[in-house]
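Structure record follows, encoded as structure tokens.
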DNA sequence: GTGTACTTTGGAAGCGCTTGCAGCTGTGAG
DNA sequence: CTCACAGCTGCAAGCGCTTCCAAAGTACAC
């Protein structure tokens, strides 16, 4: 494998000049730059990543910690992060911690601390106080997406607000028998948002003076199949049925729609369903939802980081609220007319 | 930030001994090891990744190139790869090239060549001859999953064989009016398997002496929503309807089922549907499918790589056929009785 | 022609580790 | 008691770059 020395010899320049020519930093005459680049190309030379990093202290590498690349929100964020990072010439080191807290722990300890990343993006991670301290202790920019990360910069949507908006949408249509499917925190500890969204739901219900019925508060694991199972319980019970369901994610809303169909319920005539996310599948189901641009959040996170890295102006922790968009499709409408108090 | 020197001082040992103690290589007395570890822990010291890599030539880092982490198969593979890699103490550098050929090109040129990965795993990549040569030229182990990669080791399922098996399943049930939904290669160039699966379909049909009807050969982009649109065309047309659909992926099978439901078709009485994948959603839809354990494929790829890296026994390119499992659920049955020649 | 300021270049000192080599110690065999 | 050998340890030479520094070259004004 050719080294920078070989390039220097071939180009008739010093190592130092070649280094400057190839990295674009420092003053190099156009002629020298040209020669260095030609020589490098001819030899098929590329700078050694590790040597550069060691010498310069910069890695051009960002660590991304996600609960699971297999789920919609996370893989969407990763796509946004990846594209933006690659454009900027950065590598993305992926830490998928879907196996649970132990994995998360070892990633933090054994990997992130090894100075190999310039910055880290933590997606929806629910970290302990100690873990946050560890992260902050490496003195690298950190941005959290979709999860609280005290001390670090964060990007988040107004979870409580959009839950309120979604609920109000149903209330305004005339629904009073509204169920809420929330995220199942016990399934995976990396989440706080189920609570936040639930809070918004309850707030809206309270403002409208509508009672929250405990039997209509169900939960699932954020997947279609999990929600499907929960919704079968909710809708198939012998007891009274809600006329609307607010699901804390689009995937759960879709699971609910599928379950409703199994029972012959027509959407939206018999049951209105609203979700949160902006999932690609929403269109197929005519799902009314609140679109959070997950890719956009990932891209923004990278831009924030890079700005911080390049200006070296630490700037401190910022908290950015990412805008969302209400998308009304055909899964919500006025409640069925024949629904009185147990007619 | 503490360096190994600080640890050495604190432990009263030489740098060399500390290095050996912490890396576990070479002979170190239990006492020295103990001291080194204590000192390191006290200082919160971790080895610098780049310095280690530079000095030793080993990176403990594997590059993974995927067409898109957003799709089921790829994110499943990545999960399997990630878990296995993390267990082995390796980092995973993710190259998501969903933006197209240009991105793929720049990743190969600007990133992979920079000696920063010990090995690369290429998932379902359709590379040009030149790109393959580039990859091989870095003299690192490469394994390809789910795509041909001449010259490198590959893991693949018997695409043609399982397509045949799926088709035969339908044929044996008595279907003769069978449609095939294939992958849409034009959408993304990274795929050759649509053709292979289609080949298996055609072979089975030919063996059974059943005609392949061109109007029942449709394609979609491997997603549920894409398949839904295609299936609406297929099933909603005024012309004759197939009694069974073999979709080249579970997501497309699900899209087909959703479209069928729109037309009031009952699965499997009016329409049988079979897919390939083993998607988590299959259960919700009672989907008959051929399960390819994508996570398992990812894990296997890593084991192959690591075995190669650690034995340094290059071994040459191997081609591993990964086993699949036929899963019969409730989306396939005998064709409707009343289907004669246009009754 | 001389001085000043700026651009361009090369030498060389690291960046923080790993590892070959040699010396040193302690053990058991002869 | 001596020798061979094995286990430990430290020295020091890199790994392949970046970048500080000083020297050399260039341009322009005086």
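Residue numbers (our numbering), protein chains in the order written: chain X, 3 to 345; chain Y, 3 to 345.
Ideal Cβ placement from N, Cα and C applies to all residues, glycine included.
Quiz item: How about residue 247 of chain X: is its C-beta nearer than 9 angstroms to some C-beta of chain Y?
Solution: Locating residue 247 of chain X in the first chain gives position 245, where the first residue counts as 1. It does not; no Cβ of chain Y falls within 9 angstroms.
Practice problem: Find out if the Cβ-Cβ distance for the pair residue 302 of chain Y, residue 328 of chain Y is shorter than 9 angstroms. | Solution: Here residue 302 of chain Y refers to the residue found at position 300 when the second chain is read from its first residue. Here residue 328 of chain Y refers to the residue found at position 326 when the second chain is read from its first residue. No; because the gap between Cβ atoms is not below 9 angstroms, this pair is not in contact.
Exercise. Count the CB pairs spanning the stretch 151–168 of chain X and the stretch 266–279 of chain X that are closer than 8 angstroms, and state whether there are at least three.
Key: Enough Cβ pairs lie closer than 8 angstroms, so yes.
Quiz item: Cβ of residue 95 of chain Y less than 9 angstroms from any chain X Cβ?
Solution: Mapped onto the second chain, residue 95 of chain Y falls at position 93. Interface criterion met: the Cβ of residue 95 of chain Y is under 9 angstroms from a Cβ in chain X.
Practice problem: Just tell me which of X:66, X:154 and X:200 has its CA closest to the CA of residue 220 of chain X. | Solution: In the first chain, the residue the question calls residue 220 of chain X occupies position 218. Of the candidates X:66, X:154 and X:200, X:200 places its Cα closest to the Cα of residue 220 of chain X.
Quiz prompt | Proximal residues to residue 40 of chain X (C-beta, below 8 angstroms), its chain only, five neighbours per side dropped | solution = On the first chain, position 38 is the one that residue 40 of chain X refers to. The beta carbon of residue 40 of chain X sits closer than 8 angstroms to the beta carbons of 13 from its chain, once the five residues preceding and following it are set aside; these are given in chain order.
Quiz prompt | Within-9 angstroms CB hit, residue 211 of chain X to chain Y | solution = Walking along the first chain from the start, residue 211 of chain X turns up at place 209. No, residue 211 of chain X does not count as interfacial toward chain Y.
Quiz item: Excluding five sequence neighbours on each side, which residues of the same chain lie with their C-beta closer than 7 angstroms to the C-beta of residue 305 of chain X?
Solution: Residue mapping note: residue 305 of chain X aligns to position 303 of the first chain, counting from 1. Its chain contains 86 as the residues whose beta carbon lies nearer than 7 angstroms to that of residue 305 of chain X, once the 5 sequence neighbours on both sides are disregarded; these appear in chain order.
Self-check item: Cβ-based contacts, 9 angstroms cut-off: residues of the stretch 198–231 of chain X near chain Y
Solution: So the close ones are 225, 226, 227, 230 and 231.
Exercise. Please name the residue, chosen from X:92, X:246, X:37 and X:35, that lies closest to residue 337 of chain X on a Cα-to-Cα basis.
Key: Taking the first residue of the first chain as 1, we reach residue 337 of chain X at position 335. Comparing Cα positions, the closest option is X:246.
Quiz prompt | Minimum C-alpha distance to residue 332 of chain Y - residue among Y:290, Y:299, Y:185 and Y:206 | solution = Numbered from 1 along the second chain, position 330 holds the residue referred to as residue 332 of chain Y. Of Y:290, Y:299, Y:185 and Y:206, the residue nearest in Cα terms is Y:290.
Practice problem: Name the residue from X:179, X:24 and X:44 whose alpha carbon lies nearest to the alpha carbon of residue 3 of chain X. | Solution: Position 1 of the first chain, counted from the start, is the residue given in the question as residue 3 of chain X. Per the Cα distances, X:44.
Exercise. Rounded to whole angstroms, what's the CA-CA distance from residue 20 of chain X to residue 49 of chain X? Just pull it up for me.
Key: The residue you call residue 20 of chain X lines up with position 18 of the first chain. The residue you call residue 49 of chain X lines up with position 47 of the first chain. Per the coordinates, the alpha-carbon of residue 20 of chain X lies some 11 angstroms from the alpha-carbon of residue 49 of chain X.
Quiz item: What is the DSSP secondary structure of residue 221 of chain Y, counted as helix, strand or coil?
Solution: The sequence position of residue 221 of chain Y within the second chain is 219, counting from 1. Here residue 221 of chain Y sits in strand by DSSP.
Exercise. Measure from the alpha carbon of residue 150 of chain Y to the alpha carbon of each residue in Y:171, Y:126, Y:223 and Y:56, then state which is nearest.
Key: For this step, residue 150 of chain Y is matched to residue 148 along the second chain. When each option's Cα is compared against that of residue 150 of chain Y, the closest is Y:126.
Quiz item: Is it true that the CB of residue 71 of chain X sits closer than 9 angstroms to the CB of residue 77 of chain Y?
Solution: In the second chain, residue 77 of chain Y corresponds to position 75, counting from 1. In the first chain, residue 71 of chain X corresponds to position 69, counting from 1. Yes. Within cutoff.
Quiz item: Helix, strand or coil: how does DSSP classify residue 327 of chain X here?
Solution: Along the first chain, one-based indexing puts residue 327 of chain X at 325. Strand, per DSSP.
Practice problem: With a threshold of 16 other CB atoms inside 10 Å of the CB of residue 29 of chain Y, please say whether the residue is buried or exposed. | Solution: The residue you call residue 29 of chain Y lines up with position 27 of the second chain. Exposed is the call here.
Quiz item: Hey, does residue 23 of chain Y have any beta-carbon neighbour from chain X nearer than 9 angstroms?
Solution: Here residue 23 of chain Y refers to the residue found at position 21 of the second chain. For residue 23 of chain Y, no CB of chain X lies under 9 angstroms from its own CB, so it is not counted at the interface with that chain.
Quiz item: Which value, in whole angstroms, describes the spacing of the CA atoms of residue 212 of chain X and residue 173 of chain X?
Solution: Along the first chain, read from residue 1 onward, the residue named residue 212 of chain X stands at position 210. Along the first chain, read from residue 1 onward, the residue named residue 173 of chain X stands at position 171. Roughly 9 angstroms between the two C-alpha positions.
Quiz item: Going straight from the alpha carbon of residue 207 of chain X to that of residue 261 of chain X, what length do you get?
Solution: Taking the first chain and counting its residues from 1, one reaches residue 207 of chain X at position 205. Taking the first chain and counting its residues from 1, one reaches residue 261 of chain X at position 259. Their backbone Cα atoms lie some 25 angstroms apart in a straight line.
Practice problem: Would you mind telling me which residues of chain X sit closer than 7 angstroms to residue 285 of chain Y, beta carbon to beta carbon, in chain order? | Solution: In the second chain, the residue the question calls residue 285 of chain Y occupies position 283. What residue 285 of chain Y touches in chain X, judged by beta-carbon distance under 7 angstroms, is 227, going in chain order.
Practice problem: List the DSSP bridge partners of residue 89 of chain X. | Solution: As a first step, residue 89 of chain X is located in the first chain; it is residue number 87 there, counting from the start. Looking at the DSSP output, residue 89 of chain X sits in no beta bridge, so it has no partner there.
Practice problem: Please decide whether residue 112 of chain X counts as near chain Y, where near means a Cβ-Cβ distance under 9 angstroms. | Solution: Walking along the first chain from the start, residue 112 of chain X turns up at place 110. Yes, residue 112 of chain X counts as interfacial toward chain Y.
Self-check item: Terminal residues of the beta strand (DSSP E) in which residue 279 of chain Y lies
Solution: Position 277 of the second chain, counted from the first residue, corresponds to residue 279 of chain Y. Element bounds for residue 279 of chain Y: 274–279.
Quiz item: Between Y:52, Y:54 and Y:9, which lies nearest to residue 34 of chain Y when the distance is taken from Cα to Cα?
Solution: Within the second chain, residue 34 of chain Y is the residue found at index 32, counting from 1. Minimum Cα distance to residue 34 of chain Y is reached at Y:9.
Quiz item: Is the Cβ-Cβ distance between residue 237 of chain X and residue 335 of chain X less than 9 angstroms?
Solution: Position 235 of the first chain, counted from the start, is the residue given in the question as residue 237 of chain X. Position 333 of the first chain, counted from the start, is the residue given in the question as residue 335 of chain X. No; because the gap between Cβ atoms is not below 9 angstroms, this pair is not in contact.
Quiz item: So what's residue 185 of chain Y in DSSP terms, helix, strand or just coil?
Solution: The count along the second chain starts at 1 and reaches residue 185 of chain Y at position 183. Strand.
Exercise. Compare the C-alpha of residue 130 of chain X against each of X:115, X:116 and X:107 and name the closest.
Key: Working through the first chain from its first residue, we reach residue 130 of chain X at position 128. It is X:107 whose Cα lies nearest to the Cα of residue 130 of chain X.
Quiz item: Does residue 27 of chain X have its Cβ less than 9 angstroms from a Cβ in chain Y?
Solution: The residue you call residue 27 of chain X lines up with position 25 of the first chain. Taking Cβ atoms only, chain Y never reaches closer than 9 angstroms to residue 27 of chain X, which makes this a no.
Exercise. Alpha carbon to alpha carbon, how far is residue 15 of chain Y from residue 349 of chain X? Give it in angstroms, no decimals.
Key: No statement about residue 349 of chain X is possible, as the shown extent of chain X runs from 3 to 345 and does not include it.
Quiz item: Can you name, in chain order, every residue of its own chain whose Cβ lies under 6 angstroms from the Cβ of residue 55 of chain Y, other than the five neighbours on each side?
Solution: Taking the first residue of the second chain as position 1, residue 55 of chain Y is located at position 53. Counting only Cβ-Cβ distances below 6 angstroms, and skipping sequence neighbours, we find 61.
Quiz item: Looking only at its own chain, which residues have a Cβ that is under 6 angstroms from the Cβ of residue 25 of chain X, when we skip the five neighbours before and after it?
Solution: What you label residue 25 of chain X is simply residue 23 of the first chain in a count that begins at 1. Once the five neighbours on either side are set aside, residue 25 of chain X has no close Cβ partner at all.
Exercise. Please determine, among Y:58, Y:252 and Y:75, the residue with the shortest C-alpha to C-alpha distance to residue 168 of chain Y.
Key: Locating residue 168 of chain Y in the second chain gives position 166, counting from the first residue. Scanning Y:58, Y:252 and Y:75 for the CA closest to the CA of residue 168 of chain Y turns up Y:252.
Exercise. May I ask you to report which of helix, strand or coil DSSP gives residue 293 of chain X?
Key: Here the question's residue 293 of chain X lines up with position 291 in the first chain. Three-state DSSP puts residue 293 of chain X in a strand.
Practice problem: Identify the continuous alpha helix (DSSP H) that holds residue 232 of chain Y and give its terminal residues. | Solution: In the second chain, residue 232 of chain Y corresponds to position 230, counting from 1. Its alpha helix (DSSP H) spans residues 226–238.
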